[in-house]
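First comes the structure, then the notes that go with it.
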Amino acid sequence: MKRRDFIKTSVFATAGTMLIPQFLKAHQSGIAKDANGKILVVIQLSGGNDGLNTVIPYRNDIYYKERPQIAIEKQKILTLNDEIGLNPALESLRRLYDDGRVRILNNVGYPNPDRSHFRSMDIWQTASNADEYLSAGWLGRYLDASCSGCDIKPHHMLEIDDTLSLAMKGEKANGLAMLDPRKLYQQTRNGVAGSLAKTFKDHADEHNQVSYLYKTLADTESSADYLFEKGNLKGSQTEYPNTELGKGLKTIAGLITSGVDTQVYYVSLSGFDTHIGQRNQQDRLLKQYADAVGVFVEDMKKQGQLDRTMVLTFSEFGRRVKQNGSNGTDHGTANNVFLIGGPARSSVVYNEAPNLTDLDGGDLKYSLDFRDLYSSLLKDWLGADDEAILGKSFAGLKGIV
Amino acid sequence: MKDAVINNSLLHLYRRAGFGSIPEKDISIKKAVSRLFQESETFAPIKIVRSESEKTEMSDVMIPVSAVDMRKDRMRKNREEIRDLNATWMSKMAQGENVLREQMSLFWHGHFACRSADSAAVESYLNTIRKNALGNFGTLLLEVSKEPAMLQFLNNQQNRKNKPNENFAREVMELFTLGRGNYTEMDVKEGARAFTGWGFDGKGEFQFRENLHDNKTKKFLGKEGDFRGEDIIKILLEQKQTARFVTGKIYRSFVSEVPDNQRINALAEGFYKSNYDISQLMRTIFSADWYYENVSKAMLIKSPVELVVGIQRTLGGAEFADKEHVLYIQKVLGQVLFYPPNVAGWPGGRNWIDSSSLLFRMQLPYLMAGVATPKVKAKESGDVNDQTVKKKGENAKIKVDWSKWASRFGKISDEKLLPFLSAELLAVQPKPSVMTLISDKNKDIPDRTERIRRLTLSIMSLPEYQIS
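Line order of the protein sequences matches chains S and A.
Sequential numbering of the first sequence, starting at 12, is according to my numbering.
Sequential numbering of the second sequence, starting at 77, is according to my numbering.
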């Protein structure tokens with residue numbers, strides 16, 4: 012019997028677990044014991060999104076004084092309270108805000124901020140200190156810790172991309188990068204990869220590198236099969252914007268609604284390194300972002316999936332308060348973070364607006380450590396041991412998820 | 077391959093010390109080791125960055141901030157030149173005579189991991205590493221520490237009297253010499269004071285700026301004096317722990333990921349006694365009987381660069397049709413030369429492998445042979461200036477002379493071809509079921525060259541081929 016047929020059989024088989032193939036059993040005993048378990052979707056804005064032109068302290072004169080050419084015109088701002096408002100490109104986000112699904116965190120960062128893209132991104136992805144180098148990401152370590160002793164499958168965490176981010180690499184287990192289940196399935200069917208994977212027998216010699224490679228291959232193939240069978244191949248039925256992020260979120264929505272056993276999704280939007288002519292570039296990207304997320308959240312709501320789906324949006328750093336000489340901004344430090352989704356409640360701006368007078372060499376000082384946010388997401392949303400995963404105890408943020 | 081004999085020890089040596097090149101003749105290990113060292117005795121610097129005179133007209137730091145276009149232009153040039161350095165070094169690895177020197181240089185690039193946006197600084201750093209790769213570790217350490225690229229990367233340019241920056245002093249101990257836990261925070265502070273004044277000038281030359289140097293007494297690792305940077309490096313070399321730490325790392329990269337403390341201590345003892353002679357250490361390792369025993373228990377996972385260069389070396393030094401593609405492959409697989417993830421270098425080992433990287437690695441021989449086109453996109457770094465690396469390698473092809481390759485196996489009978497090729501190309505022999513798969517996939521190909529080509533590619537795309 013072919014594996015695909017085998018799965019089809021087992022879907023209809025109710026008589027005990029005897030008929031369920033081994034690899035399906037494995038992830039059933041895995042991290043999600045509950046088909047309605049919580050889901051985290053991470054959206055990474057690569058390049059350092061300018062937070063001050065995203066969530067704007069529109070009552071602050073310093074903002075307008077320091078940004079004569081690139082400040083957002085006061086009358087266009089989508090006000091949220093009497094301190095801050097959103098960039099007009101974020102109209103779709105505003106709708107979600109009014110629907111009670113958005114939490115905005117200001118001034119999120121870490122001590123001794125690094126202004127290099129690659130370094131600061133690694134710090135955010137590994138949840139390390141600024142002077143510490145970790146080779147496993149925070150979500151990878153979540154996957155490691157999610158079930159010790161049981162068989163973790165790559166598809167428990169999916170990145171919608173061709174290559175896997177450091178955030179998704181653990182010490183023992185890794186997430187899986189793929190553009191969509193069909194492409195992944197074809198990849199594993201390409202050449203002999205699939206047949207090779209079938210030659211793998213679990214002889215559990217942990218130190219043997221060849222076994223490790225074959226196991227990775229077999230796991231990849233079994234995840235590819237699983238997602239191809241169980242996942243919704245067309246993605247969601249809802250119409251999404253025809254952008255890369257839109258397509259990525261459509262794929263994710265399709266997978267979530269089909270009930271696959273995946274707890275974390277990861278997707279990136281690049282282009283935020285706006286040293287020159289920022290307004291056009293950033294506004295265009297923010298619109299892409301908000302429009303795609305807007306459709307995604309509405310879709311999840313319609314499908315009854317929103318209560319268990321939380322979207323985290325971050326960037327590796329914010330940008331300098333003062334604009335530079337070419338109508339752009341240079342690398343900065345603390346930034347805002349969005350949490351969208353989860354159970355319905357009132358939206359909030361979680362903490363104070365950026366302080367534009369008390370700066371650190373022209374850059375914002377952080378007041379929330381991003382690892383406090385991770386700690387809450389791990390503990391309160393994903394139900395994991397945050398301290399073990401983050402390597403130390405963080406107080407977390409109250410009432411955030 | 078006149079006598080068509082497989083010498084597993086010889087192949088093992090060349091996989092690890094020679095980027096997987098295949099020796100033309102069956103010679104003794106002793107002879108092969110001598111030859112590898114002999115071939116690497118000479119050193120020729122890589123010189124492609126624009127000439128000093130052109131550069132000194134106006135050094136990068138002197139360009140006014142307002143001259144945006146000029147700066148942008150300069151940055152672009154720098155990036156292109158760093159890319160050229162990468163491709164040039166890759167082709168030296170793939171084709172050059174000094175294969176052991178390049179193999180060791182790649183190791184030292186990971187050990188003294190460093191990034192710089194200035195192409196002249198990168199070139200100088202690279203040549204310092206290549207020049208000393210098989211020389212004296214003390215000299216290598218001192219010279220790399222004085223490289224502008226390193227001083228800049230670890231912020232020693234900002235390390236000055238009364239305003240110390242400890243970055244360099246810490247990493248020189250944690251990552252280059254002693255390893256974590258073998259020094260105190262006080263040693264970091266005092267060491268940093270000794271390195272004050274170490275910097276570089278506008279021409280990219282090392283400069284000791286005496287007026288920025290803290291010349292008061294420092295206490296460092298139990299010694300006391302008005303130390304300068306050179307003294308700190310001398311004291312670090314006096315510590316046996318430095319020999320142990322460096323030997324341990326070499327052992328993990330060239331012998332096995334599972335450390336054998338007894339062996340490492342003996343090697344480190346010799347390394348220390350030889351006053352840090354790298355060649356002598358490597359010769360001892362490559363000549364040891366244990367190096368060739370239980371090889372299957374000491375498997376190493378090839379780094380992306382080793383994998384790519386290995387395919388090229390094996391196939392007679394085949395060159396890329398377009399050097400940009402080598403960067404695309406590096407990017408997809410996570411090892412771009414001169415862009416290590418951080419000062420600790422690439423973590424290596426199983427860290428190279430995840431589902432997508434493994435699938436790409438298995439597809440790579442077909443891409444390089446021009447049989448398949450890559451459909452995978454490399455990730456964007458987010459840096460707006462980082463657009464010089466192509467996101468898709470449209471045609472990541474190398475130029476292979478397949479009939480020359482096939483002629484090596486002229487004396488091998490048809491039915492022995494697969495096991496013979498497999499023995500030559502793989503550190504670990506596949507299970508019979510895998511061999512059957514390959515054999516079935518490549519049957520009924522009448523043309524012998526074509527058959528050998530297909531079999532070679534099939535073997536190179538196996539998980540076993542990821543092992544060195």
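Beta carbons are placed, not taken as given, at the ideal position from N, Cα and C, and that holds for glycine.
Quick caveat: nothing in here was measured; it's all calculated off a predicted structure.
Residue i and residue j closer than 9 Å at C-beta
| i | j | result |
| --- | --- | --- |
| ASP537 of chain A | LEU403 of chain A | Residue identity differs from the one stated: residue 537 of chain A is Ser in this sequence, not Asp. Not in contact: SER537 of chain A and LEU403 of chain A (Cβ atoms no closer than 9 Å). |
| VAL304 of chain S | LEU150 of chain S | no |
| LEU244 of chain S | PRO165 of chain S | no |
| LEU210 of chain A | SER355 of chain A | yes |
| LEU296 of chain S | ASN60 of chain S | yes |
| TYR153 of chain S | LEU393 of chain S | yes |
| LEU350 of chain S | ASN118 of chain S | no |
| LEU312 of chain A | VAL248 of chain A | yes |
| LEU376 of chain A | SER329 of chain A | yes |
| SER498 of chain A | ILE535 of chain A | yes |
| VAL381 of chain A | LEU182 of chain A | yes |
| VAL308 of chain S | ARG112 of chain S | yes |
| ASP310 of chain S | ALA264 of chain S | yes |
| LYS49 of chain S | TYR69 of chain S | no |
| MET169 of chain A | GLN179 of chain A | yes |
| ASN243 of chain A | ASN258 of chain A | no |
| LEU513 of chain A | VAL322 of chain S | no |
| ASP216 of chain S | SER222 of chain S | yes |
| LEU494 of chain A | LEU531 of chain A | yes |
Neighbour list for residue i in chain D, Cβ cutoff strictly below 8 Å
| i | result |
| --- | --- |
| MET375 of chain A | You won't find chain D in this structure, because its protein chains are S and A. |
Beta bridge counterpart(s) of residue i as assigned by DSSP
| i | result |
| --- | --- |
| ALA188 of chain S | S:GLU170 |
| TYR276 of chain S | S:VAL52 and S:LEU169 |
| ASP371 of chain S | S:ASP374 |
| ASP353 of chain A | A:ASN212 |
| LEU97 of chain S | S:VAL66 and S:LEU89 |
| VAL113 of chain S | S:ILE351 |
| ARG236 of chain A | A:LYS239 |
| VAL119 of chain S | S:ASN346 and S:LEU379 |
| SER57 of chain S | S:SER281 |
Neighbouring residues, chain A, relative to residue i (Cβ below 8 Å)
| i | result |
| --- | --- |
| VAL203 of chain S | LEU513, ILE514, LYS517, SER534 and SER537 |
| LYS258 of chain S | Those within 8 Å of LYS258 of chain S in chain A number zero; the least Cβ separation is about 13 Å. |
Contacts that residue i makes with chain A (C-beta to C-beta distance below 9 Å)
| i | result |
| --- | --- |
| MET132 of chain S | SER457 and GLY458 |
| ALA345 of chain S | In chain order: nothing, as chain A lies at least about 17 Å away. |
| ASN291 of chain S | In chain order: nothing, as chain A lies at least about 14 Å away. |
| LYS409 of chain S | The contacting residues do not exist; LYS409 of chain S stays about 32 Å from chain A at best. |
| VAL188 of chain S | The question names Val, but residue 188 of chain S is Ala in the sequence shown. By Cβ distance, chain A contributes ASP430, SER431, SER432 and SER433. |
Partner residues on chain A for residue i, Cβ-Cβ distance less than 7 Å
| i | result |
| --- | --- |
| ASP284 of chain S | GLY458, ASP459 and VAL460 |
| SER146 of chain S | PRO423 and ASN427 |
| LYS333 of chain S | In chain order: nothing, as chain A lies at least about 13 Å away. |
| GLN198 of chain S | LEU435 |
| GLU309 of chain S | The premise fails here: GLU309 of chain S is roughly 28 Å from chain A at the closest Cβ pair, so nothing lies under 7 Å. |
| ASN98 of chain S | Those within 7 Å of ASN98 of chain S in chain A number zero; the least Cβ separation is about 19 Å. |
Listed by chain order, chain S residues near residue i by CB distance under 7 Å
| i | result |
| --- | --- |
| ARG426 of chain A | TYR223 |
| GLU540 of chain A | VAL221 |
| ILE543 of chain A | GLN220 and VAL221 |
| ASN418 of chain A | ARG130, ASP133 and TYR144 |
| SER509 of chain A | THR210 |
| MET438 of chain A | ALA204 |
Residue i: contacting residues in chain S (beta-carbon distance under 8 Å)
| i | result |
| --- | --- |
| PRO495 of chain A | The contacting residues do not exist; PRO495 of chain A stays about 17 Å from chain S at best. |
| VAL412 of chain A | Those within 8 Å of VAL412 of chain A in chain S number zero; the least Cβ separation is about 10 Å. |
Output, in sequence order along the chain, the residues in the stretch 164-176 of chain S whose CB is closer than 8 Å to any CB in chain A. PRO165, ASP172, ASP173, THR174, LEU175 and SER176
In chain order, each beta strand (DSSP E) run of at least 3 residues that lies wholly inside the stretch 323-398 of chain S: 346-352
Contained alpha helix (DSSP H) runs [length at least 4] in the stretch 254-324 of chain A, N- to C-terminal order: 261-270 and 305-314
What are the complete alpha helix (DSSP H) segments, minimum 4 residues, inside the stretch 201-288 of chain S? Counting whole runs of 4 or more residues, the stretch 201-288 of chain S contains the alpha helix (DSSP H) stretches 204-209, 220-241 and 255-268.
Using Cβ-Cβ distances below 8 Å, what residues of the stretch 110-140 of chain S are close to chain A? HIS128, PHE129, ARG130, MET132 and ASP133
Contained alpha helix (DSSP H) runs [length at least 4] in the stretch 339-406 of chain A, N- to C-terminal order: 354-363 and 380-390
Mind listing which residues of the stretch 231-255 of chain A have their C-beta closer than 7 Å to chain S's C-betas, in chain order? none
The stretch 55-71 of chain S: which residues have C-beta closer than 8 Å to a C-beta of chain A, in chain order? SER57, GLY58 and GLY59
Can you list, in chain order, the residues of the stretch 364-377 of chain S whose Cβ is nearer than 8 Å to any Cβ on chain A? none
Which residues, taken in chain order from the stretch 444-456 of chain A, show a beta carbon closer than 9 Å to some beta carbon of chain S? ALA448, LYS451, VAL452, LYS453, ALA454, LYS455 and GLU456
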